[in-house]
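To start, the structure under review is shown below, and the notes come after it.
Number of protein chains: 2
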Amino acid sequence: MIGFQCYRVDLGDRSYDIRICPGSLDGLGAAIALLLPSAKRCLVVSNAVVAPLYMARVRASLEAAGWQVIALILADGEQSKTLANWSRILDCLMAHKLSRNEPVVALGGGVIGDMAGFAAASYRRGLPLVQVPTTLLSQVDSSVGGKTAVNHPDGKNMIGAFYQPRLVWIDSEVLATLAPRQLRAGLAEVIKYGLIRDGAFFSRLQELMPGLLTLDSAAIAEVIHSSCRHKAEVVMRDECESGERALLNFGHTFGHAIESLAGYGTFLHGEAVAIGMRMATRLSHQMGLIDASYEQRVLEALTVAELPSAVPKFAPEAWLDAMGNDKKNLGSGLRLVLLRAIGDARIVDSVGADAITRLVASYDDPR
Amino acid sequence: MIGFQCYRVDLGDRSYDIRICPGSLDGLGAAIALLLPSAKRCLVVSNAVVAPLYMARVRASLEAAGWQVIALILADGEQSKTLANWSRILDCLMAHKLSRNEPVVALGGGVIGDMAGFAAASYRRGLPLVQVPTTLLSQVDSSVGGKTAVNHPDGKNMIGAFYQPRLVWIDSEVLATLAPRQLRAGLAEVIKYGLIRDGAFFSRLQELMPGLLTLDSAAIAEVIHSSCRHKAEVVMRDECESGERALLNFGHTFGHAIESLAGYGTFLHGEAVAIGMRMATRLSHQMGLIDASYEQRVLEALTVAELPSAVPKFAPEAWLDAMGNDKKNLGSGLRLVLLRAIGDARIVDSVGADAITRLVASYDDPR
């Protein structure tokens, strides 16, 4: 039997627990009641795919614990992560006049977590936020650490806030209903933790991968816990990404460009990050940090996880333009995360346009 | 001669200076350059009243210090403090692809400071923010402490963030071009500091008031500095209004209701707060905290400052509805700030509807 696991994210007066347990969705209401004893109402924000599967259970759990539940269901998918939908959440909070101590519960994947999180951050300058992630990607990454955002028409996650949740509640059993493609996309971020900070975990993942792809409970529990620990360790040292936290963006500047250039919805975020990690690995070699064999090791890991790795073709200027828009970049040159070993990454400032142009051109070369 | 005054707001890694000096607008560019040595561009957000008066000087000061200046000028007034205008600021930041280290400079009163502040807080999850307040109200209150917001159609300041500026730069000479009505509105917040936490300052204000109304430099400098100190002391103890900071809302729950019920723009914020402080003082008496004479002392102070004090007539249900929407209130009953002496206020929870109904009815009574 897989028991209850808890990891404490220690951020002073913004500290919170990540609780991981299969089947724990039914305990959510009582847990939030313990956390916020003086509140009576909550807003559950979900999407049209997750709500039919889990809203009834979540509502029952909340109501059994005495909560008055308001539900708001938005469209699914990255395309819905807009200021307009964020504004709909705010309108709903306004319509019900929620008070500063009444929580927003984000029930869904990264899109719902980011968007409901930014609404919770903004309404009355901040309501308590509870993350109930239902995708592997959000369970291992986006629900932890307090990054909330919506997309601007000209760039992903460009409008948002650093706003920590009060609780992250992970029921790994809900992955049973997750589309296999979404599960694999989540594995990209898991592989990322291995690549940037834990070589042993990267190796262990190769053993666990068959179990992960078939939702073996023990494998899933191990990977969620290790991933949350990695994410939390980084966030605790650098909450607002003034330094080390940027390492978590490994593959993401390329990934965001791929998502944007291909049109949001073509690639899942995790898929784009997978391709982006491959590109960042080759660039690390081209910039002299590692030898050429590393890209092959990354490719093998992506292949075992059944993730895409073929670099899509766009004009070099399109790559540069899309990457320059990525919010982690400073005024001159690109700030990128590069690999110097499996389990060891570094932030490199001022990567020139020529390096990017050479990189993307190298994928046109059949060698 | 009035020299340069500086007050440090100590909030750990979010600490910043408030610098107060007549004529200091021309030193702004160099000051920001010292603060943010690696940035090259900045966005100055202002309004159609302030920009013709001061944008050229601010631009010249910034350009002389090496800044590339982008300017965005919005309509003046509380009516323009909308999500739509906030979104225009974000669009402008996106169009110029400002980086995370490039600042937003808010040149204007509370509306510009709050709205540009929330845009700075939200774009890429936070850019450096410099407040250059040009009204007395923003110089003594809203530019300090990190409250940023825009209005929702159903409530004032309902959407925003706690986001501290990196610098507050106060040139008290700009008050020379401020409309006298706006100057008086700012005095309401100054009187508030006396009422809630400094009885000696409240008395001193009566002596200073003639000088303040005629913009005597020494009187203005003294009052701005004392007010910023009061504001900063409260904010340092309770940045996100979990307790003591709520004392600063003295008169504001009534004031916000008056602004909303009369239609935004009818009363200036400070005028509505003046009336609200009178009402809160009478309520403090009706709830047994002080004797009846206090309202007269508050009225006298408002009269000397040439502020309105007549309570406008609205239906009791309208008052209750408008006050219930105020974001400082918790689930049950109203949370209000009441007076227990001149210079001493307390937060009272769960003020019932009957108390409010009795209060507003008492102004219909000619006695």
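Residue numbers (my numbering), protein chains in the order written: chain A, 1301 to 1667; chain B, 1301 to 1667. Just so it is clear, CB atoms sit at the ideal spot from N, CA and C, and this is done for glycine as well. As the structure is a computational prediction, the values presented were derived from the model and not from experiment.
What is the C-beta distance between residue i and residue j, in whole angstroms, given that I count them as a contact (C-beta under 8 Å)?
| i | j | result |
| --- | --- | --- |
| Val1648(A) | Leu1636(A) | 5 Å |
| Gly1312(A) | Gly1494(A) | In fact, because the Cβ distance is near 29 Å, the residues do not count as touching under 8 Å. |
| Arg1425(B) | Phe1462(A) | 5 Å |
| Ala1479(B) | Leu1607(B) | No, Ala1479(B) and Leu1607(B) are not in contact; Cβ-Cβ is about 14 Å, not under 8 Å. |
| Ala1562(B) | Trp1469(B) | So it is not a contact: roughly 33 Å between Cβ atoms. |
| Val1651(A) | Leu1634(A) | 4 Å |
| Arg1466(A) | Val1430(A) | 6 Å |
Under the rule that 16 or more other beta-carbon atoms within 10 Å means buried, what is residue i, buried or exposed?
| i | result |
| --- | --- |
| Arg1582(B) | buried |
| Asp1471(A) | buried |
| Ser1338(A) | exposed |
| Glu1507(A) | exposed |
| Cys1306(A) | exposed |
| Gln1482(A) | buried |
| Ala1557(B) | buried |
| Arg1308(B) | exposed |
| Phe1304(A) | exposed |
| Ala1519(B) | buried |
| Gln1596(B) | exposed |
| Lys1627(A) | With a pLDDT of 49 at Lys1627(A), under the threshold of 50, the modelled position of this residue cannot be trusted, and the question is left open. |
| Pro1403(B) | buried |
| Lys1613(B) | exposed |
| Ser1503(A) | exposed |
| Arg1658(A) | exposed |
| Ala1615(B) | exposed |
| Ala1601(A) | buried |
| Thr1603(A) | exposed |
| Arg1537(B) | exposed |
| Gln1368(B) | exposed |
| Met1301(B) | With a pLDDT of 44 at Met1301(B), under the threshold of 50, the modelled position of this residue cannot be trusted, and the question is left open. |
| Thr1448(B) | buried |
| Thr1514(B) | exposed |
| Ser1346(B) | buried |
| Gly1410(A) | buried |
| Gly1675(A) | Nothing can be reported for residue 1675(A): it is not among the residues displayed for chain A, which extend from 1301 to 1667. |
| Thr1553(B) | buried |
| Gly1543(B) | exposed |
| Glu1539(A) | buried |
Below 8 Å on C-beta distance, what does residue i contact in chain B?
| i | result |
| --- | --- |
| Gly1624(A) | Lys1397 |
Residue i versus chain B: which residues are under 9 Å apart at the beta carbon?
| i | result |
| --- | --- |
| Leu1311(A) | The premise fails here: Leu1311(A) is roughly 13 Å from chain B at the closest Cβ pair, so nothing lies under 9 Å. |
Going along chain B, which residues have a C-beta under 7 Å from residue i?
| i | result |
| --- | --- |
| Met1394(A) | His1452, Asp1454, Gly1455, Met1458 |
Measuring only from the beta carbon, is residue i closer than 6 Å to any heavy atom that is part of the ligand ZN?
| i | result |
| --- | --- |
| Tyr1307(B) | With respect to small molecules bound, the structure shown includes none, and the ligand ZN cannot be examined in it. |
Inset, instruction - Taking only beta carbons into account, state which residues of the stretch 1435-1467 of chain A come closer than 9 Å to chain B, listed in chain order. - result: Lys1447, Thr1448, Ala1449, His1452, Pro1453, Asp1454, Gly1455, Asn1457, Met1458, Ile1459, Gly1460, Ala1461, Phe1462, Tyr1463
Legend entry - Contact residues within the stretch 1419-1434 of chain B, judged by C-beta distance below 8 Å to chain A: Ala1421, Ser1422, Tyr1423, Arg1424, Arg1425, Gly1426
Inset, instruction - Specify whether the stretch 1440-1453 of chain A and the stretch 1434-1445 of chain B touch according to this definition: at least 3 beta carbon pairs, one from each stretch, less than 8 Å apart. - result: no
Legend entry - Inter-stretch contact at 8 Å, needing at least 3 Cβ pairs: the stretch 1353-1368 of chain A / the stretch 1322-1332 of chain A: yes
Legend entry - Residues, ordered as in the chain, of the stretch 1369-1389 of chain A that lie near chain B by beta-carbon distance below 7 Å: Leu1383, Ser1387
Inset, instruction - Would you be able to state if there are at least three C-beta pairs under 8 Å between the stretch 1536-1548 of chain A and the stretch 1560-1577 of chain A? - result: no
Legend entry - Segment contact, 8 Å Cβ cut-off, at least three pairs: the stretch 1402-1415 of chain A with the stretch 1378-1386 of chain A: yes
Inset, instruction - Please determine if the stretch 1336-1352 of chain B and the stretch 1312-1321 of chain B are in contact, where contact requires at least 3 C-beta pairs separated by less than 8 Å. - result: no
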